[in-house]
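Here the sequence shown stands for residues 501 to 825, numbered as in this note's numbering.
Backbone N, C-alpha and C fix where the C-beta goes; we use that ideal spot for every residue, glycine too.
These notes are about the structure you will find just below.
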Amino acid sequence: MKLIFLGTSAGKPTKERNVSALGLEFDQDSKWYLFDCGEGTQRQIIHSRLSFAKLSTIFITHLHGDHYYGLPGLLSTKKLDATLRPLTIYGPSGIREFVECTIDTSQKHLGYSLEIIEYMYGDEFVFDKFLLKVLPLVHSKESAAFYIKENDINNKLDEEKLRKIGLEPSPLYGELKMGSSVTFEGKKLDPKQFMLEATAGRTVIIAGDNSTPGILDNYLENLDLLVHECTFTQEVYDNLEKKFLHTTAKDLGIAAQKKHVKNLIANHINPRYTNSSPLTIEMVYDEIKSNYEGNLFIANDFDVYYLYRNGLSLMPNTGRYVTSK
501 MKLIFLGTSA GKPTKERNVS ALGLEFDQDS KWYLFDCGEG TQRQIIHSRL
551 SFAKLSTIFI THLHGDHYYG LPGLLSTKKL DATLRPLTIY GPSGIREFVE
601 CTIDTSQKHL GYSLEIIEYM YGDEFVFDKF LLKVLPLVHS KESAAFYIKE
651 NDINNKLDEE KLRKIGLEPS PLYGELKMGS SVTFEGKKLD PKQFMLEATA
701 GRTVIIAGDN STPGILDNYL ENLDLLVHEC TFTQEVYDNL EKKFLHTTAK
751 DLGIAAQKKH VKNLIANHIN PRYTNSSPLT IEMVYDEIKS NYEGNLFIAN
801 DFDVYYLYRN GLSLMPNTGR YVTSK
């Protein structure tokens, strides 16, 4: 499973970060999924290894501009590039009106099938590789987290056991994987006798804006990966004249630690935290880490992460452009 961060800033773009957008790819899949689509996302895609042609689905967490204002441009570019693969958008109530209004006003004829589905909290959607459930968050606008449960792998053969009876890799292996009995040296082989135990699918939460990470409660328990906003450090938040419903680094670390989250990626970083200001990214990292013992990253634009079954790995980032291993 691969995550490509296209935008990691909170509220507005900066010289270092664009606003919210995240690409997700699954093993041996011909398509990819986009989570949020802030202003300028189409340009971020161009500077990544992702392609418009393979984009199949967009999920919008909530209707604040830094999470969905990039939709009209992306939809138009998809047509201009003649990438006519059908596209589905999942979003909260109001997303249909926004998209249809911009298309009608600009008299844009997309030339491809566009389906818009307005979800409600608790909805579940089944895809080729995973199940997705919509969870409620706490924010000034209705905001959602997407809980993703990858399909279990239950068709792996015990090849060692097969070799012990003399059956080497052959087309018969494929028949057994599909659940069909085969005959070998005059004996009928039941596929159930030669299957390994199912490998549990990985679990991921990609969260929108949220002031209370603990609201995810049991969905966080032993979660393989949490992608969550971290807009402020606690001291900065405590000194704000006007409070915003966003998560602090301290609260995020405490919530992830309490539920034994295995891997944590923080994003949606407030523009005041930069590599050249008194408020640094390291301060965000250190505050989370002082409360959380798991594997922690602060996402930058164009970072690419691989979620393996035994952990999370950041692919070396060679600057603005992302290259494959």
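Do I765 and V784 count as a contact pair if the criterion is CB distance below 8 Å?
no
Can you tell me whether C730 is helix, strand or coil according to DSSP?
Three-state result, C730: coil.
Can the beta-carbon of S643 be found closer than 8 Å to that of D724?
no
As a quick exercise: from F598, L614 and Y647, pick the residue whose alpha carbon is nearest that of G622.
Y647
Ordered along the chain, which non-local residues of its own chain (more than five positions away) have a Cβ less than 7 Å from that of Y569?
If we look at Y569 and ignore the five residues flanking it on each side, its Cβ neighbours are G538 and E539.
When we look at the beta-carbon of D628 and count the other beta-carbons within 10 Å, is it buried (16 or more) or exposed?
Flag for D628 reads exposed.
Strictly by DSSP, which residues pair up with E615?
DSSP lists T588 as partners of E615.
Judging by CA-CA distance, which residue of A700, T774 and V761 is the nearest neighbour of T731?
Checking every option, the nearest Cα to that of T731 belongs to T774.
Apart from the five residues just before and just after P586, which ones in its own chain have a Cβ nearer than 8 Å to its Cβ?
Annotation for P586: S556, Y612, S613, L614 and E615 place their beta carbon closer than 8 Å to its own, counting only its chain and skipping 5 residues before and after.
Which residue marks the beginning of the alpha helix (DSSP H) containing G674, and which one marks its end?
P671 to K677
Is it buried or exposed for S776, if we count other Cβ within 10 angstroms and need 16 for buried?
Counting the other Cβ atoms within 10 Å of the Cβ of S776 gives fewer than 16, which makes it exposed.
So the alpha helix (DSSP H) G753 belongs to, where does it begin and stop?
A749 to K758
Within 10 angstroms of the Cβ of H609, are there 16 or more other Cβ atoms? Answer buried if so, exposed if not.
With fewer than 16 other Cβ atoms within 10 Å, it is exposed.
Going by beta carbon distance, what residues of the same chain come within less than 6 Å of T712, once the five residues before and after it are set aside?
Contacts found: V638.
What number of angstroms, rounded off, separates the C-alpha of E660 from the C-alpha of A698?
16 Å
Note down, in chain order, each residue of its chain lying with its Cβ closer than 6 Å to the Cβ of N767, except the 5 sequence neighbours on either side.
T508 and A799, listed in sequence order.
Whose CA, out of G511, L503, P513 and N518, lies closest to the CA of L524?
L503
Nearest-angstrom Cα separation, counted from K742 out to L506:
Each residue's Cα considered, the two are about 29 Å apart.
What ranges does the alpha helix (DSSP H) occupy inside the region 639-705, keeping only unbroken runs of at least 4 residues that lie completely in it?
659-664 and 671-677
Would G701 pass as a contact of E668 if the rule is Cβ separation under 8 Å?
no
Out of F552, D604, R596 and P572, which one is the CA nearest neighbour of D581?
Among F552, D604, R596 and P572, the Cα nearest to that of D581 belongs to F552.
By the DSSP assignment, the alpha helix (DSSP H) with S576 in it spans what residues?
L571 to L580
Based on the DSSP output, what are the partners of K633 in its beta bridges?
E624 and Y647
For S593 and L574, I'd like the C-alpha separation in whole angstroms.
20 Å
Looking only at its chain, what residues have a beta carbon closer than 7 Å to the beta carbon of L550, apart from the 5 residues adjacent to it on each side?
I504, G523 and W532
Whole-angstrom C-beta distance between P691 and L672, which should lie under 8 Å
Rounded, the Cβ-Cβ distance is 10 Å, inconsistent with contact.
Sort out for me which residues DSSP pairs Y805 with in a bridge.
According to DSSP, which records beta bridges pairwise, Y805 is partnered with L503 and L814.
With DSSP as the reference, please indicate the residues paired to L796 in a beta bridge.
According to DSSP, which records beta bridges pairwise, L796 is partnered with L764.
For F535, the three-state DSSP class (helix, strand or coil)
strand
How big is the Cα-Cα spacing for V599 and T747?
29 Å
Identify which residue in D751, L726, Y805 and F744 has its Cα closest to the Cα of Q734.
Here the closest residue by C-alpha is D751.
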